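For what it's worth, the UniProt record's numbering labels the leading residue of the sequence shown as 1, then goes sequentially.
Quick reminder that beta carbons are idealized off the backbone N, C-alpha and C, glycines included.
All values derive from a computational prediction rather than experimental measurement.
Written below as structure tokens is the structure these notes are about.
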Amino acid sequence: MTVSTTAPAENRLAEMAGALAAAPDDWLRRVRLNPDGRWYERLHRDDDHEVWLISWLPGQSTGLHDHGGSRGAFAVALGELEEDDLGGTRRVGTGQTRAFGPDYIHDVRNTSTAPAVSVHVYSPPLAVMNRYELTGAGLVRLAEERAEQW
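This is the structure we're talking about:
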């Protein structure tokens, strides 16, 4: 497992995401592939954290976004994703995990030729996500999405 930070809170989330990603019997039957956009389903939510399962067809992307102050981690369960955090781009393959703090902005996308599945854990549970665009003038906030919109 590859973890991007050593902060205890993020490591705990990465361990949770990695453990679930490594247990396909717990989620594989739920996965759907949607040609119109990423498919996602919340698997768990409590006061401390929430867990999402996401499938990605080739070309599907999140766009630049943050997590509204929540810490998070994602693990690739099947396939390969690419992550751009404004400081660099990296491939995240099956079994690899990325963790991040509350002010993290990134874009995750499937640039491969095959579907991918990932598990995402956020703490506290997501209340809002902000969408961004990188322009010549810098990072511009485009929109705020509230949890009730998902």
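From residue 43 to residue 120, what distance separates their C-alpha atoms? When rounded, the distance between both Cα atoms is 10 Å.
Hey, residue 146 and residue 130 are a contact pair by Cβ (cut 8 Å); roughly how many whole angstroms apart? Approximately 11 Å separates the beta-carbon atoms of residue 146 and residue 130; this is outside 8 Å, ruling out the contact.
Runs of 3 residues minimum, wholly inside the region 55-125: which ones carry the beta strand (DSSP E) assignment? Counting only runs of 3+ residues, the beta strand (DSSP E) found wholly inside the region 55-125 occupies 71-78, 80-84, 89-93, 97-100, 107-109, 116-123, in chain order.
Please name the residue or residues paired with residue 134 in a DSSP beta bridge. Paired residue(s): 139.
I'd like the span of the beta strand (DSSP E) that includes residue 10, first residue to last. Secondary structure note for residue 10: it is in no beta strand (DSSP E), and the uninterrupted alpha helix (DSSP H) holding it is 8-21.
Does DSSP put residue 146 in a helix, in a strand, or in coil? Strand, per DSSP.
Output the boundary residues of the beta strand (DSSP E) element that contains residue 38. Counting along the chain, residue 38 falls outside any beta strand (DSSP E), and DSSP gives it neither H nor E.
From the DSSP output, read off the bridge partner residues of residue 53. For residue 53, which the question treats as bridged, DSSP gives the partners 41, 119.
Simplified DSSP assignment, three categories, for residue 4: Here residue 4 scores only 45 on pLDDT, less than 50, and its place in the model is too uncertain to base an answer on.
Is the region 79-88 close to the region 22-34, with three or more CB pairs under 8 Å? With a cut-off of 8 Å, the region 22-34 and the region 79-88 do not count as touching, because too few Cβ pairs lie within range.
Can you grab the Cα-Cα spacing for the pair residue 35 / residue 12, in whole Å? Straight through space, the alpha carbons of residue 12 and residue 35 are spaced by roughly 33 Å.
Just checking my contact of residue 56 with residue 41 at CB under 8 Å: how many whole Å lie between their CB atoms? 13 Å between Cβ atoms; not a contact.
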